[in-house]
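Everything on this sheet refers to the single structure shown next.
2 protein chains.
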Amino acid sequence: MAATLKDVAIRAGVSRSAVSRTFTDGASVSPKMRKKVQKAAAELGYRPNALASSLTTGRTKMIGLISNNFHNPIFLTVFDRFTRALQERGLRPLLVNLSDETDPQSSVQMMRQYSVDGVIVASSTLSPDFSKAFRDAGVPVVHTFGRHATNPHVHVVGIDNVECGRMAARALVARGHRRVAFLGGPEAATSTQDRYQGFMTEMAKHPKVKTTYSFADDYSFEAGRAEMQRLLQGTMAEAYFCGDDVLSIGVLSAVRDAGLKVPEDIGIIGLNDMEMAGWANIDLTTIRQPIGQIINSSVELIAAMLDDPGRYPEARLFPCDVVERGTLRPVPDP
Amino acid sequence: MAATLKDVAIRAGVSRSAVSRTFTDGASVSPKMRKKVQKAAAELGYRPNALASSLTTGRTKMIGLISNNFHNPIFLTVFDRFTRALQERGLRPLLVNLSDETDPQSSVQMMRQYSVDGVIVASSTLSPDFSKAFRDAGVPVVHTFGRHATNPHVHVVGIDNVECGRMAARALVARGHRRVAFLGGPEAATSTQDRYQGFMTEMAKHPKVKTTYSFADDYSFEAGRAEMQRLLQGTMAEAYFCGDDVLSIGVLSAVRDAGLKVPEDIGIIGLNDMEMAGWANIDLTTIRQPIGQIINSSVELIAAMLDDPGRYPEARLFPCDVVERGTLRPVPDP
DNA sequence: GATTTTTTTGCAACCGGTTGCAAAAAGTGT
DNA sequence: ACACTTTTTGCAACCGGTTGCAAAAAAATC
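Structure representation (structure tokens):
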């Protein structure tokens with residue numbers, strides 16, 4: 006069975022406190038004692054029990070990583086990046102799948118049962134109130150992909166979805182499209198609302214361009230495809246800003262099945278620049294959300310909060326940029 | 006700050022032991038006492054600290070979920086399923102990303118520091134020795150997607166990759182193909198080796214069919230595409246068994262870019278039946294690996310081991326089946 | 001009511017660590 | 001060698017729970 010601190014103390018012929026100090030950063034212990042203890046510990050294969058020490062230190066080094074999105078392919082990259090960034094700092098992600106429930110209180114309680122040092126909410130659809138429940142319970146929290154506010158109640162890291170909507174609108178206008186449309190994800194999602202708002206307000210500056218919009222049921226291939234199939238029954242726009250890449254791929258599929266050419270007949274621009282967007286058979290023009298930076302910044306922020314829990318809530322927004330690929334025609338020469 | 010068992014005891018005017026018994030399944034406590042304690046606990050928002058109790062019980066209900074694959078899209082489904090199945094049993098996954106290192110001992114040590122109740126190794130590329138290190142350290146372990154052996158040292162849950170190779174071969178032969186090929190993932194991977202072996206041994210039964218093989222660098226779209234582009238410079242087979250779905254999608258991309266028609270000119274069969282295989286623009290004929298069953302079985306097995314740690318190691322293999330879609334021509338009528 | 005049996009309860013020790021503090025040891029200066 | 005200062009060390013209490021056991025209380029039996 007696992008060796009304990011007491012076993013090491015007995016073997017090294019020292020007090021338990023000496024052993025503890027040897028393994029506690031910053032604690033005072035003589036070099037001679039340290040060597041004696043380390044020798045005994047090595048012989049026994051001893052490593053401190055993180056959970057026992059957390060009772061005294063109040064630190065587990067575990068971070069709750071909460072998500073309700075396990076279907077959008079970009080989230081595999083998200084989990085890859087989060088796990089790596091946390092591990093690099095000696096932090097351990099306790100993964101929570103909230104696809105089936107979003108009661109803040111039961112999540113808060115569970116996280117406190119495990120004494121996580123902090124929580125990262127990785128979701129664009131879980132509400133600010135969800136994240137705020139952690140803050141109110143005294144648990145450091147960062148909401149990644151959350152909607153920013155002028156006076157944020159919790160730390161938010163992400164992109165400005167409104168600005169992305171404007172950016173997409175500008176991209177379509179710059180290509181001379183006279184009829185454009187927003188095809189968003191689920192209408193109730195804040196990310197959808199913000200992208201829609203940005204798109205529509207930018208398009209309002211171009212009254213001569215006909216602008217329409219609609220929503221898919223979900224951020225998924227099937228939902229995007231189904232919504233475009235519905236649109237194909239009526240009057241089409243020349244170009245579409247689709248709420249995200251996976252939606253865009255569904256839209257592309259429906260368009261091509263209808264015998265239309267992309268970008269010649271129909272232009273498509275997505276959002277996210279997930280790995281698949283660059284696959285040769287997709288080649289999606291999209292707006293890149295800098296996932297790596299967002300995640301590193303989130304982890305940096307949660308780590309900072311461990312040392313400064315009273316840290317004032319901030320919103321860190323990262324700029325997006327248009328990635329030119331094959332689904333939008335080139336900008337005409339001036 | 007969080008209420009403790011002691012706070013509840015004081016508020017209810019009872020002993021700490023009474024409070025503990027109220028929250029411990031199977032412990033003896035009168036209904037009257039229980040009600041009194043529960044009232045006080047509710048008023049204080051008390052929940053037992055799982056880590057403190059683990060010191061006595063030896064149980065954290067945390068399960069290490071180890072993976073080194075965060076790029077194959079099917080792993081998003083894998084994580085979704087694992088988190089759900091574990092959560093349903095009140096178990097919590099501590100996620101570990103081993104993309105960058107595979108030293109068994111450091112992983113074992115980390116898991117023991119957190120007193121996980123068990124470990125699930127979700128990887129087809131991490132070696133049996135990796136999993137065995139946990140067993141040797143007395144940590145219950147299940148290797149999901151591991152290679153089975155006649156005398157397994159650890160519990161293994163997955164598919165018979167050799168049989169899948171045979172199955173793919175039979176599928177190609179049944180369609181009358183006279184020139185067939187295996188296009189595998191990384192040659193060193195055991196999954197590649199087994200699939201290759203099954204394919205080749207089955208094809209050996211059909212000496213009149215010309216059989217060739219090659220390997221992609223990786224299980225990825227780009228690697229699949231690149232390998233097919235290389236093959237397109239030479240003599241092509243009529244149909245290919247590609248080592249997994251994501252490889253197949255890359256292969257499809259290269260084939261179509263070369264102006265060939267699928268399945269008329271070239272047939273493709275993949276393996277896994279990940280969500281994307283069914284997308285209308287992919288419509289991949291593939292061999293379904295029953296991910297849901299594999300994962301539920303793994304979780305069932307780890308849960309069983311918590312109660313019976315000495316349980317004899319077993320291998321649970323699930324049958325695969327061919328999913329007919331659009332990338333292989335139909336079987337000719339007899 | 002008295003006796004016996006069963007259930008409930010609190011005490012105190014335990015789980016594996018950390019840490020304040022006083023005493024001991026080591027180091028420095030004269 | 002002695003006085004003073006700094007560092008190191010062990011003790012014992014603590015962190016937030018669980019549990020064996022003996023005593024007390026409740027229930028059952030006659």
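So the protein sequences, as listed, match chains R and X.
Take 6 as the starting number for the first sequence in this note's numbering and just add one per residue.
Take 6 as the starting number for the second sequence in this note's numbering and just add one per residue.
From the three backbone atoms N, C-alpha and C, an ideal C-beta is built for every residue, glycine too.
Values in this document were obtained by computation on a predicted structure and should not be read as measured data.
In the pairwise beta carbon analysis, the region 36 to 45 of chain R is classified as not touching the region 78 to 85 of chain R: fewer than three pairs are separated by under 8 Å. Contact between the region 90 to 102 of chain X and the region 22 to 33 of chain R is absent: fewer than three C-beta pairs spanning the two stretches fall below 8 Å. In this structure, Q202/R sits away from V178/R, with a CB-CB distance that is not shorter than 8 Å.
The beta carbon of A8/X is closer than 7 Å to those of L49, G50, Y51 in its chain, skipping five residues each way along the sequence. At the C-beta level, P53/R and Q118/X come within 8 Å of one another.
Rounded to the nearest whole angstrom, the CA to CA distance from V159/R to P314/R is 12 Å.
For R184/R, the enclosing beta strand (DSSP E) covers residues 184 to 189. If you draw a straight line from the Cα of L311/R to the Cα of L60/R, it comes to about 16 Å. By the Cβ neighbour-count rule, R235/R is exposed, with fewer than 16 other Cβ atoms within 10 Å of its own.
In the DSSP assignment, C247/R falls within the unbroken beta strand (DSSP E) covering 244 to 247.
Taking 8 Å as the cut-off, the Cβ atoms of S253/X and G275/X count as close. The beta carbon of D250/R sits no closer than 8 Å to any beta carbon of chain X. With respect to the C-alpha of T332/R, the residue from I300/R, D270/R, R293/R, D262/R having the closest C-alpha is D270/R.
Here R293/R is near C325/R, since their CB atoms are less than 8 Å apart. For a Cβ distance threshold of 9 Å, nothing in chain R lies close to D165/X: the least Cβ distance comes to about 26 Å. Y224/R places its beta carbon less than 8 Å from that of P191/R. Taking a C-beta cut-off of 8 Å against chain R, the contacting residues of the region 269 to 286 of chain X are E280, M281, W284, A285, N286, listed in chain order. In this structure, DSSP gives A142/R a state outside helix and strand, which the three-state scheme calls coil. The continuous stretches of alpha helix (DSSP H) do not include S72/X, which lies in the beta strand (DSSP E) extending over residues 67 to 72. Rounded to whole angstroms, the separation of the alpha carbons of A154/X and S303/X is 17 Å. For T217/X, the secondary structure class from DSSP, reduced to helix, strand or coil, is strand. Within the DSSP secondary-structure output, R321/R pairs in a beta bridge with V162/R. Contact note: D262/R reaches chain X through A285, N286, using a C-beta cutoff of 9 Å and chain order. In the structure shown, N54/X adopts coil according to DSSP, grouped into three states. For the pair R21/X and S33/X, the Cα-to-Cα distance works out to about 14 Å.
Secondary structure note for I254/R: its alpha helix (DSSP H) is the uninterrupted segment 250 to 262. According to the DSSP assignment, G229/R belongs to the alpha helix (DSSP H) that extends over 226 to 236.
Three or more beta-carbon pairs drawn from the region 64 to 78 of chain X and the region 92 to 106 of chain X are found closer than 8 Å, and the two stretches are therefore classed as touching. Identification of chain X residues near F139/R by a Cβ-Cβ cut-off of 9 Å yields none; the smallest Cβ-Cβ distance measures about 13 Å.
Its Cα nearest to that of S58/R, the residue T29/R stands out among P145/R, H148/R, T29/R. Excluding residues up to 5 positions away in sequence, D288, L289, T290 lie with their Cβ nearer than 6 Å to the Cβ of R330/X in the same chain.
Taking a beta-carbon distance threshold of 8 Å, Y119/R counts as an interface residue toward chain X. If you draw a straight line from the Cα of F87/X to the Cα of T195/X, it comes to about 23 Å. Secondary structure of D326/R (DSSP, three-state): strand. Residue range 10 to 17 is occupied by the alpha helix (DSSP H) that includes V13/X. For P157/R, no alpha helix (DSSP H) encloses it, and the DSSP letter there is neither H nor E.
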